[in-house]
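Here this note's numbering is used: position 57 in the sequence shown is 146, and no number is missing along the way.
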Amino acid sequence: MIDTPAHALESLVEPVNRYIQDPIAKQIVGFLKNTPVTPNQVTYFSVLMGFASGYAFSFASSTFLVLGGILLEITLVLDCVDGQLARAKGMASEWGRLIDGIAGYFAYLAVVVGLIKGFPEYESVLKIIAGLIILRAISYDYCKQSLGTLILHGYDGMEREIKYIRQKIKAKMSWVLV
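Right, here's the structure in full:
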């Protein structure tokens, strides 16, 4: 049996996201879609939870490690909520997508800093692992975007997006070249 494009796209979503975080996020979006809460507010709150997670990890006790893990999971669920809420409210934007992406890295960095503070004897190893995870996340996002648009629309979305961003930067920076 040949997968339909929508079904093929589902396989690009990480299993933890697909089976745990996304269903919880859908419930939250159902509650928030008729409130004044904006997707960007959810993004900012997500970063705050990421910072709280990192802070909890910095104490390195079993209680705070569990708390840090719970706060990290809340951060990851909220990362799903903001995009779903933006689509549900018709508020999806380039800016929102940008801050969502950057916010995730700030939250992740806070967690890594918290772990390094809590476990200084593993600082070098944690930095290496963090670097590898960041590279993996960037590669995954790139491939997901490329394959997603290729499956749905027949073109590489990342290639088009990179060209579009370069044009915008060039237009904004043209005054520098004068």
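In this text, a Cβ means the ideal position worked out from N, Cα and C, and glycines have one as well.
For residue i and residue j, what's the separation of their Cα atoms in angstroms?
{"i": "Thr212", "j": "Leu161", "result": "With the sequence shown as reference, residue 212 is identified as Glu, and Thr is not the correct amino acid for it. For Glu212 and Leu161, the distance between alpha carbons rounds to 20 Å."}
{"i": "Gly143", "j": "Val202", "result": "7 Å"}
{"i": "Gln110", "j": "Arg225", "result": "20 Å"}
{"i": "Ile240", "j": "Gly172", "result": "21 Å"}
{"i": "Lys206", "j": "Ile218", "result": "15 Å"}
{"i": "Ala145", "j": "Phe153", "result": "5 Å"}
{"i": "Ser147", "j": "Leu137", "result": "15 Å"}
{"i": "Ile163", "j": "Phe120", "result": "16 Å"}
{"i": "Trp184", "j": "Thr132", "result": "12 Å"}
{"i": "Gln116", "j": "Leu156", "result": "23 Å"}
{"i": "Ala175", "j": "Phe134", "result": "15 Å"}
{"i": "Thr124", "j": "Val170", "result": "14 Å"}
{"i": "Ala141", "j": "Ser151", "result": "16 Å"}
{"i": "Gln256", "j": "Ala149", "result": "47 Å"}
{"i": "Val105", "j": "Ser235", "result": "21 Å"}
Classify residue i as buried or exposed, calling it buried when 16 or more other Cβ atoms lie within 10 Å of its own Cβ.
{"i": "Met180", "result": "exposed"}
{"i": "Ala260", "result": "exposed"}
{"i": "Pro128", "result": "buried"}
{"i": "Cys232", "result": "exposed"}
{"i": "Met90", "result": "Annotation note: pLDDT 44 at Met90 (below 50); position unreliable, no value reported."}
{"i": "Gly139", "result": "buried"}
{"i": "Leu221", "result": "exposed"}
{"i": "Val200", "result": "buried"}
{"i": "Leu204", "result": "buried"}
{"i": "Val267", "result": "Any reading at Val267 needs caution, since the residue's pLDDT is 48, under 50, leaving its predicted position unreliable; the model's value is listed next. Val267 should be labelled exposed."}
For residue i and residue j, which I take to be in contact (beta-carbon distance under 8 Å), what is that distance rounded to the nearest angstrom?
{"i": "Val118", "j": "Ala177", "result": "5 Å"}
{"i": "Leu198", "j": "Phe208", "result": "At roughly 16 Å, the Cβ-Cβ gap does not stay under 8 Å, so Leu198 and Phe208 are not in contact."}
{"i": "Gly237", "j": "Gly246", "result": "7 Å"}
{"i": "Val166", "j": "Ile251", "result": "In fact, because the Cβ distance is near 30 Å, the residues do not count as touching under 8 Å."}
Per DSSP, what kind of secondary structure is residue i in: helix, strand or coil?
{"i": "Thr124", "result": "coil"}
{"i": "Gly172", "result": "helix"}
{"i": "Tyr108", "result": "helix"}
{"i": "Val102", "result": "coil"}
{"i": "Tyr244", "result": "coil"}
{"i": "Ser228", "result": "helix"}
{"i": "Phe208", "result": "coil"}
{"i": "Phe195", "result": "helix"}
{"i": "Met180", "result": "coil"}
{"i": "Ser147", "result": "coil"}
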